[in-house]
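This report concerns only the one structure given below.
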Amino acid sequence: MEFETKAIHISQEPDPTTGSIIPPIYQTTTYVLEEIGKDKGFDYTRSSNPTRLALEKNLAALENGKYTVSFSSGMSAISALMDLINPNEHVIVSDDVYGGTYRLFEQVLRKYGLDFTYVDSTNENNVKEAIKDNTKMVWIESPTNPLLKISDIKKIAKITKKHNILLVVDSTFLTPYFYRPLELGADIVIQSTTKYISGHNNIIGGAIITSIKEIYEKMKFIQKTVGAVSSPFDCWLTLLGIKTLAIRMERHNSNGIRVAEFLSSNKKIRRVIYPGLKNHPGHKIAKDQMTGFGGMISFELNGGIETGIKLMNNVRLCSLAESLGATETMITHPTSMTHAEIPRDVRLKIGITDSLVRLSVGLEHVNDIIDDLKQALNKI
Ligand SMILES: Cc1ncc(COP(=O)(O)O)c(C=O)c1O
Numbered sequence: 001m002e003f004e005t006k007a008i009h010i011s012q013e014p015d016p017t018t019g020s021i022i023p024p025i026y027q028t029t030t031y032v033l034e035e036i037g038k039d040k041g042f043d044y045t046r047s048s049n050p051t052r053l054a055l056e057k058n059l060a061a062l063e064n065g066k067y068t069v070s071f072s073s074g075m076s077a078i079s080a081l082m083d084l085i086n087p088n089e090h091v092i093v094s095d096d097v098y099g100g101t102y103r104l105f106e107q108v109l110r111k112y113g114l115d116f117t118y119v120d121s122t123n124e125n126n127v128k129e130a131i132k133d134n135t136k137m138v139w140i141e142s143p144t145n146p147l148l149k150i151s152d153i154k155k156i157a158k159i160t161k162k163h164n165i166l167l168v169v170d171s172t173f174l175t176p177y178f179y180r181p182l183e184l185g186a187d188i189v190i191q192s193t194t195k196y197i198s199g200h201n202n203i204i205g206g207a208i209i210t211s212i213k214e215i216y217e218k219m220k221f222i223q224k225t226v227g228a229v230s231s232p233f234d235c236w237l238t239l240l241g242i243k244t245l246a247i248r249m250e251r252h253n254s255n256g257i258r259v260a261e262f263l264s265s266n267k268k269i270r271r272v273i274y275p276g277l278k279n280h281p282g283h284k285i286a287k288d289q290m291t292g293f294g295g296m297i298s299f300e301l302n303g304g305i306e307t308g309i310k311l312m313n314n315v316r317l318c319s320l321a322e323s324l325g326a327t328e329t330m331i332t333h334p335t336s337m338t339h340a341e342i343p344r345d346v347r348l349k350i351g352i353t354d355s356l357v358r359l360s361v362g363l364e365h366v367n368d369i370i371d372d373l374k375q376a377l378n379k380i
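Under full-length UniProt numbering, the first residue of the sequence shown carries the number 1, and numbering increases by one thereafter.
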């Protein structure tokens, strides 16, 4: 079955009692037993819920994985996954990860004795060289947030397999429509379903997808025990969003290409980072391992921070907001917003300058997005 068809139909059968083409939301806390020891597969919604199960099965099918465990946010999914790592064990991480992931690793997990090394994973040799005897996981974000760095998952998977290390890929920026790391050798995929997967700026959610039964069982245990579960309503909205994921991603991509080309041609802009541009260092790997470039663009203005702030304050159609991957075009200042918790020297070292602007190109008509950026650029 093709991706679009899976997105619409897997675990989305009409309701058998009424014929309702959209399955109902099982907005319930608990389930009535026929007698002691005899339930219908559900006992309490923190453990399992039919709407959440439908989302989990659907997402597993889209990633070509066997199992999904769904959480109440991308961060709670990441946090659950880190339960696989014990005190005194080591994790290698892409140096340009989402600021919240960095904050969790550095400000929460380090104090429990977990060790993290950050490397530029666009060169797989950096990953290889960082391996220690106690390395248990390699954590790749690709494309990264906000510098859109691309890592070669096939090459990194060869290294992790050889050393018996788990390879995790946070592929939130491209979704399984454009990018399926499990097919390239990754063991686990992380999605912040808050973004493109649900796609409408109306839920917070996260998911862990894998084909390894042992990891699935551990994550089910954490889901039920820690309890950061996604609500039935959020799962239902996410399933609704997934029905149009393919068509939305196509438009994010085509709008992204047009906006990146416009920004590249503007003299007030010093540098545009978009994997779909031929001058992007990861362009070739993106073409080989991904089927689209998505709608995320980062850029720097000639005038530095002041001009960047002026631009962001002058947009009218684009929303000055955190988050990404939804119908509305959103403009963000990573330094003061999404990546504010990363120490300035660490940020500057990896290239997140104060003047970097991140754009999540939405689904408005591309001419209107470009016109808005044009008028804002004219004012600076
Ligand atoms: C790449 C990436 N991973 C994970 C997260 C965390 O997801 P959530 O905000 O759903 O907790 C984000 C949030 O922006 C993100 O950009």
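Built from N, CA and C at the ideal position, the CB exists for glycine as well. Only a predicted model underlies this, so the values are computations on that prediction, with no experimental measurement involved.
What residue from Gly351, Thr225, Leu317 and Lys218 has the CA that sits closest to Glu364's CA? Leu317
- For Ile215, does the three-state DSSP call read helix, strand or coil? helix
* Would the beta-carbon of Pro334 fall within 9 Å of that of Ser298? -> yes
Query raised in the report: Should Tyr177 be counted as a contact of ligand 1 given a C-beta to heavy atom distance under 8 Å?
Result: no
Exercise for the section: Determine, using beta carbons only, whether Lys243 and Gln12 come nearer to each other than 9 Å. Expected result: yes
Where Arg110 and Glu341 are concerned, what is the direct C-alpha to C-alpha distance, given to the nearest angstrom?
-> 15 Å
DSSP state of Ile8, grouped into three classes? helix
| Are the beta-carbon atoms belonging to Phe71 and Gly276 less than 9 Å from one another? | no
Just how far apart, CA to CA, sit Val91 and Lys161? 15 Å
| request: Tell me whether Ser265 counts as near ligand 1, meaning its Cβ is closer than 8 Å to at least one heavy atom of that ligand. | output: no
Q) If you measure from the CB of Phe173, is any heavy atom of ligand 3 nearer than 8 Å? A) As for ligand 3, it is missing from this structure, which binds only ligand 1.
Point to revise | Euclidean distance between Cα positions of Gly37 and Ala7 | key: 35 Å
I'd like to confirm something about Tyr98: is its beta-carbon nearer than 8 Å to some heavy atom of ligand 1, or not? yes
With 16 other CB atoms within 10 Å as the buried threshold, where does Asp39 fall? exposed
Inter-residue Cα distance where the pair is residue 438 and Ile159: Residue coverage of the chain in this structure runs from 1 to 380, which leaves residue 438 outside it and unanswerable.
Problem - Check whether Asn88 and Asn134 have beta carbons under 9 Å apart - result: yes
Short Cβ contact (9 Å threshold) for Gly227 with Gly199
no
Going by DSSP, which residues form a beta bridge with Thr68?
Ile209
- prompt: So does Thr122 have its beta carbon nearer than 8 Å to some heavy atom of ligand 1?
  reply: no
(Q) Please tell me whether, using a cut-off of 8 Å, the distance from the CB of Leu359 to the nearest non-hydrogen atom of ligand 1 is below it. (A) no
Exercise. By DSSP, does Phe116 sit in helix, in strand, or in coil?
Worked result: strand
Subject >> Unbroken beta strand (DSSP E) run spanning Leu359, endpoints >> reply: Leu356 to Ser360
Endpoints, the alpha helix (DSSP H) within which Val272 is located | Val272 -> not in any alpha helix (DSSP H); beta strand (DSSP E) instead, spanning Ile269 to Ile273.
| message | Measuring straight from C-alpha to C-alpha, what distance separates Asn64 and Thr238? | response | 18 Å
Worksheet item: Since Val315 sits in a beta bridge, which residues does DSSP pair it with?
Response: None, per the DSSP bridge assignment.
**Message:** Does Leu167 come out as helix, strand or coil in the three-state DSSP assignment?
**Reply:** strand
Is any heavy atom in ligand 1 found nearer than 8 Å to the beta carbon of Lys195? yes
Any chain B beta carbon closer than 9 Å to Val69: No chain B is present in this structure, which holds just one protein chain.
Compare the beta carbon distance of Lys310 and Ile380 with 9 Å and say whether it is the shorter of the two. yes
What does Glu141 pair with, by DSSP beta-bridge criteria? Asp170
Exercise for the section: Could you tell me whether any non-hydrogen atom of ligand 1 is closer than 8 Å to the CB of Met75? Expected result: yes
Quick one: what's got a C-beta closer than 6 Å to Arg248's C-beta in the same chain, skipping five residues either side? Gly199
- What's the gap between the Cα of Pro16 and the Cα of Lys154? 43 Å
task = Use the C-beta contact count for Pro232: other C-beta atoms within 10 angstroms, 16 or more gives buried, fewer gives exposed.
result = buried
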